[in-house]
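Here's the structure, in structure tokens; my notes come after.
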Amino acid sequence: MKMKSSLLALAALGLSLVAVQAQAHKPWLLPSSTVVEGKEPWVTVDAAISEGLFDIDHQPLKLDGIVITAPDGSTAAMENIGNGKLRNTFDVKLAKPGTYRIALVSQGVMGSYKDKAGELKRFRGTEATLAQDVPAGATEVKLTRSHSRLETYVSAGAPDMAVFKPSGSGLELVPVTHPNDLRSGEKATWRFLLDGKPAANQGVSLIPGGVRYRGTLGEIRKTTDANGEVSFELPAAGMYLLSTSWPAVAAPAPGQPPAMPARRASFAATLEILPQ
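In mature numbering (1 follows the signal peptide of the UniProt record, and there is no 0), the protein residues as written are -24 to -1, 1 to 252.
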């Protein structure tokens, strides 16, 4: 039952990330630092879902399914895990020099059907639970499959690009500018792929944390070119959420619920912009 609950939670996260920049509550991973020096570097990561970006004001983000990829491709462990009422935390020992990717990747299925009595039923689960979620004899079955990726990156010493090899599944970031090498006032370029191909004409959002102190969202929106690339003039130093989702959400017809696409994908990553 615990495993099933974890899978359902991941499926729910995948669906919530589809339009992360438009949601009232946003999931995020926030490292204590993105570039760490020293002989035995560590970082602490906060994981939560909040109304204010990077504010601890709602509920913790479940850590089930988080994978930490080390620069050599091996998997690093979460250590000193703490489960709180409003956030979860864990430490990562950066035992090897280079860039680490901390990622929560999930896939889910949601939809609706009519049972034998003609009553509309809705469900949310995974591919593994689909046969149980939709019983035999169901009619008017409508499904939406989701693929979400929530990430952040930390580097021990000089950043490198080894962890950014694309998997070819869902929305992925392939940096032109390394996400641990960002300076206020400089230009950064990132490439997005959808199932391994350039994600052209893709809306991308960059939102700074600290909205509770500004009173405005401060979102910057750009659109990728034919190669899936997008460039930003980097704003003031701070922690930011970079996000994008596919396909674009169409406005529903008057009096009708929003149309559910057959497939949705999303990507969100916490980045740190350092002072010039």
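Just so it is clear, CB atoms sit at the ideal spot from N, CA and C, and this is done for glycine as well.
Below 8 Å, how does it come out for the stretch 90 to 97 and the stretch 148 to 157: are there three or more Cβ pairs, yes or no?
no
With a Cβ-Cβ cutoff of 9 Å, do residue 325 and Thr246 count as a contact?
Residue 325 cannot be examined here, being either before or after the span of the chain that is shown, -24 to 252.
Given a cut-off of 9 Å on the beta-carbon distance, is the pair Arg121 and Arg239 in contact?
Working through the sequence shown from its first residue, we reach residue 121 at position 145. Working through the sequence shown from its first residue, we reach residue 239 at position 263. Taking 9 Å as the cut-off, the Cβ atoms of Arg121 and Arg239 count as close.
Met109 - containing alpha helix (DSSP H), residue span
For this step, residue 109 is matched to residue 133 along the sequence shown. Looking at the sequence itself, residue 109 is Asp, so the reference to Met does not match. If you look at Asp109, you'll find it in the alpha helix (DSSP H) that goes 106 to 109.
Hey, could you find the ends of the alpha helix (DSSP H) Val85 is sitting in?
Here residue 85 refers to the residue found at position 109 of the sequence shown. Run containing Val85: none in the alpha helix (DSSP H); it sits in the beta strand (DSSP E), 74 to 90.
In the DSSP assignment, the alpha helix (DSSP H) including Arg190 goes from what residue to what residue?
Taking the sequence shown and counting its residues from 1, one reaches residue 190 at position 214. Where Arg190 is concerned, the enclosing alpha helix (DSSP H) stretches over 187 to 190.
Relative to the C-alpha of Val68, which candidate in Leu158, Phe140, Ser9 has its C-alpha closest?
Reading the sequence shown from its first residue, position 92 is the one you call residue 68. Answer by Cα proximity: Ser9.
Out of Trp4, Ser181, Glu13, point me to the one whose CA is closest to Asp33's CA.
Position 57 of the sequence shown holds residue 33. Per the Cα distances, Trp4.
Of the listed residues Asp109, Ala138, Phe66, nearest to Gly101 (C-alpha basis)
Against the sequence shown, residue 101 aligns to sequence position 125. Checking every option, the nearest Cα to that of Gly101 belongs to Asp109.
Start-to-end residues for the beta strand (DSSP E) that takes in Asn64:
The count along the sequence shown starts at 1 and reaches residue 64 at position 88. It spans 64 to 69 - the beta strand (DSSP E) in which Asn64 sits, taken as one unbroken run.
Measure the alpha-carbon distance for Leu182 versus Phe243 and round it to whole angstroms.
For this step, residue 182 is matched to residue 206 along the sequence shown. For this step, residue 243 is matched to residue 267 along the sequence shown. Going by the C-alpha atoms only, they are around 12 Å apart.
With a CB to CB cut of under 6 Å and the five nearest residues on each side skipped, what residues in its chain are close to Val11?
Reading the sequence shown from its first residue, position 35 is the one you call residue 11. For Val11, where only same-chain residues beyond five positions count, the Cβ hits under 6 Å are Ser131, Asn156.
Mind checking who Asn59 pairs with in its DSSP beta bridge?
Walking along the sequence shown from the start, residue 59 turns up at place 83. Note: Asn59 is bridge-paired with Asn64 in the DSSP secondary-structure output.
Limits of the unbroken beta strand (DSSP E) element including Ile249
Position 273 of the sequence shown holds residue 249. Here the beta strand (DSSP E) through Ile249 covers 239 to 249.
Check this for me: beta carbons of Val180 and Val206, under 9 Å apart or not?
The count along the sequence shown starts at 1 and reaches residue 180 at position 204. The count along the sequence shown starts at 1 and reaches residue 206 at position 230. In contact: Val180 and Val206 (Cβ atoms closer than 9 Å).
Look at the alpha carbon of Gly49 and the alpha carbon of Lys141, and state the distance between them as a whole number of angstroms.
To locate residue 49, count along the sequence shown from 1; it is residue 73. To locate residue 141, count along the sequence shown from 1; it is residue 165. For Gly49 and Lys141, the distance between alpha carbons rounds to 10 Å.
Let me confirm a value: Met137 is counted as buried when at least 16 other C-beta atoms fall within 10 Å, else exposed. Which label applies?
Taking the first residue of the sequence shown as position 1, residue 137 is located at position 161. Met137 comes out exposed.
Could you please give the first and the last residue of the uninterrupted beta strand (DSSP E) stretch that includes Arg167?
Position 191 of the sequence shown holds residue 167. From DSSP, the beta strand (DSSP E) with Arg167 extends over 163 to 170.
Would you give the residue range spanned by the beta strand (DSSP E) that Gly101 belongs to?
Here the question's residue 101 lines up with position 125 in the sequence shown. Run containing Gly101: 96 to 101, per the beta strand (DSSP E) assignment.
Enclosing beta strand (DSSP E) for His123 [first to last residue]:
Taking the sequence shown and counting its residues from 1, the one referred to as residue 123 is at position 147. Start and end: 115 to 132.
If you compare alpha carbons, which of Thr165, Thr115, His154 is closest to Gly94?
Stepping through the sequence shown from its first residue, residue 94 is reached at position 118. Nearest option by C-alpha distance: Thr115.
Between Ala213 and the rest of its own chain, which residues show a CB-CB distance below 6 Å, the 5 nearest in sequence each way excluded?
Translated into the one-based positions of the sequence shown, residue 213 becomes position 237. The residues are Ser160, Ile249, Leu250, Pro251.
The beta strand (DSSP E) with Arg197 in it runs from where to where?
Sequence index remark: in the sequence shown, residue 197 carries index 221 (1-based). Unbroken beta strand (DSSP E) run through Arg197: 196 to 199.
Can you confirm whether the stretch 37 to 49 touches the stretch 64 to 80 when touching is taken to mean that 3 or more C-beta pairs between the two stretches lie within less than 8 Å?
yes
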